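Residue numbers (the numbering used here): 20 to 313.
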């Protein structure tokens, strides 16, 4: 009898993953509905849409994030993006292991299934690796974005720091949310190509995934590269990603020559072609007017 009751309590990892997103969606909606989180009165459907879009890191929005939400609201959205990018189960297990000091065997078994790992003993190491990688990449990204933000943005002090952190996390998690009114299509970025290159790099790092980034990093820092070999999985991801990167840019260049790229210099045409090859695969940032595309 006890065994039957226990089996009824057990949930498939996929179901837990699904319900974790559903629960964070409800909590996020409640938080973004607070008066202190909104600059203007928003319809409930717009709030729900924003929460779902942020949690599922799609970047679609029916309203302007900067004009509609206060700093508190923007921080809530940023947290939703981070949770959606890493996964609620991953974050929960991380805090259980490294803050509470332990995690139950069931939690570790769940993480083993979600991470497609064969050994339960590797779960703790992978969770730590994911958290450290994320903090390092997002931290470096925020620092570089802060350094190379165009002066025309007229952002200073805490606001400049927040903008840098927000766009670093949004880019790395492939969310595509921006605090600028016109996204990255602002005129100030016409001369701020370095800023956009940093965004592209963060998107690529976030898109190829943690195992691949980890293996590449080990290969780079290793003194004897012959002993560090990339797995077949990592090789496939890198080869296919690079192929899409090049082919996408070539196709965009020729297809948009008389549309969004019309009137731009040759360098700008090539640059925006590569940018859209990266961002359209997963992130959702825009540097040109998408409505003018052919």
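A virtual CB, placed ideally from N, CA and C, is assigned to each residue, including glycine. Please read these numbers as outputs of a predicted model, since none were measured by experiment.
Requested in this report: Less than 8 angstroms between the CB atoms is what I'm expecting for residue 196 and residue 84, so what's the real figure, rounded?
Outcome: Walking along the chain shown from the start, residue 196 turns up at place 177. Walking along the chain shown from the start, residue 84 turns up at place 65. Between residue 84 and residue 196 the Cβ distance is about 6 angstroms, and since that is below 8 angstroms, they are a contact.
Report task. Consult DSSP for residue 196 and reduce its assignment to one of helix, strand or coil. Result -> Stepping through the chain shown from its first residue, residue 196 is reached at position 177. Coil at residue 196, not helix or strand.
**Report entry** Residue range of the alpha helix (DSSP H) that includes residue 91
**Finding:** In the chain shown, the residue the question calls residue 91 occupies position 72. Element bounds for residue 91: 90-105.
**Report entry** Member of 95, 59, 91 whose CA lies at the smallest distance from the CA of residue 71
**Finding:** The count along the chain shown starts at 1 and reaches residue 71 at position 52. It is 95.
Query - Proximity of residue 211 and residue 165 at Cβ, strictly below 8 angstroms - result: The residue labelled residue 211 in the question sits at position 192 within the chain shown. The residue labelled residue 165 in the question sits at position 146 within the chain shown. No, Cβ-Cβ distance for residue 211 and residue 165 is not below 8 angstroms.
Requested in this report: Keeping to the same chain, check which residues put their C-beta closer than 7 angstroms to that of residue 66; ignore five residues upstream and five downstream.
Outcome: In the chain shown, the residue the question calls residue 66 occupies position 47. For residue 66, where only same-chain residues beyond five positions count, the Cβ hits under 7 angstroms are 48, 51, 52.
Report task. Provide the residue span of the alpha helix (DSSP H) that contains residue 178, from first to last. Result -> Here the question's residue 178 lines up with position 159 in the chain shown. 176-191 is the span of the alpha helix (DSSP H), which, as asked, contains residue 178.
Query - Cα-Cα separation between residue 152 and residue 233, rounded to whole angstroms - result: Locating residue 152 in the chain shown gives position 133, where the first residue counts as 1. Locating residue 233 in the chain shown gives position 214, where the first residue counts as 1. One C-alpha to the other measures close to 8 angstroms.
Report task. Please name the residue or residues paired with residue 57 in a DSSP beta bridge. Result -> Here residue 57 corresponds to residue number 38 of the chain shown, with the count starting at 1. Looking at the DSSP assignment, residue 57 forms a beta bridge with 88.
Query raised in the report: For residue 320, which of helix, strand or coil comes out of DSSP?
Result: Since the displayed the chain opens at 20 and closes at 313, residue 320 lies outside it and no answer follows.
Query raised in the report: Alpha carbon to alpha carbon, how far is residue 267 from residue 296?
Result: As a working mapping, residue 267 is identified with position 248 in the chain shown. As a working mapping, residue 296 is identified with position 277 in the chain shown. Those two C-alpha atoms are separated by around 5 angstroms.
Query - Range of the contiguous alpha helix (DSSP H) that encloses residue 281 - result: As a working mapping, residue 281 is identified with position 262 in the chain shown. Per DSSP, residue 281 belongs to no alpha helix (DSSP H) and is neither H nor E.
Query raised in the report: Cβ of residue 282 less than 8 angstroms from any chain B Cβ?
Result: As a matter of chain content, chain B is missing from the structure shown, which is built from one protein chain.
Query raised in the report: Which same chain residues, not among the five before or five after residue 192, have their C-beta less than 8 angstroms away from its C-beta?
Result: Reading the chain shown from its first residue, position 173 is the one you call residue 192. 76, 100, 101, 103, 104, 105, 225.
Query raised in the report: Any contact of the region 250-257 with the region 181-190, i.e. 3+ C-beta pairs under 8 angstroms?
Result: no
Report task. Could you tell me which of 42, 280, 57, 163 sits nearest to residue 82, measuring between CA atoms? Result -> In the chain shown, residue 82 corresponds to position 63, counting from 1. Nearest option by C-alpha distance: 57.
Requested in this report: Classify residue 230 as helix, strand or coil using the three-state DSSP reduction.
Outcome: Position 211 of the chain shown holds residue 230. Note: residue 230 maps to helix in three-state DSSP.
Query raised in the report: Could you check where the alpha helix (DSSP H) with residue 68 kicks off and where it finishes?
Result: Position 49 of the chain shown holds residue 68. Note, residue 68: alpha helix (DSSP H), 63-74.
Report task. Report yes if the C-beta distance between residue 204 and residue 283 is below 8 angstroms; otherwise report no. Result -> If you number the chain shown from 1, residue 204 lands on position 185. If you number the chain shown from 1, residue 283 lands on position 264. No; because the gap between Cβ atoms is not below 8 angstroms, this pair is not in contact.
Query raised in the report: DSSP on residue 154, reduced to helix/strand/coil?
Result: In the chain shown, residue 154 corresponds to position 135, counting from 1. In the structure shown, residue 154 sits in a helix (DSSP, three-state: H, G or I).
Report task. Pull up the distance between the alpha-carbon of residue 286 and that of residue 149, whole angstroms please. Result -> Walking along the chain shown from the start, residue 286 turns up at place 267. Walking along the chain shown from the start, residue 149 turns up at place 130. Cα-Cα distance, rounded: 37 angstroms.
Query - Where residue 235 falls: helix, strand or coil (DSSP) - result: Here the question's residue 235 lines up with position 216 in the chain shown. DSSP places residue 235 in helix when its eight states are reduced to three.
Query raised in the report: Looking at residue 294 and residue 207, is the spacing between their C-beta atoms short of 8 angstroms?
Result: Numbered from its first residue, the chain shown carries residue 207 at position 188. Numbered from its first residue, the chain shown carries residue 294 at position 275. Cβ atoms of residue 207 and residue 294: not closer than 8 angstroms.
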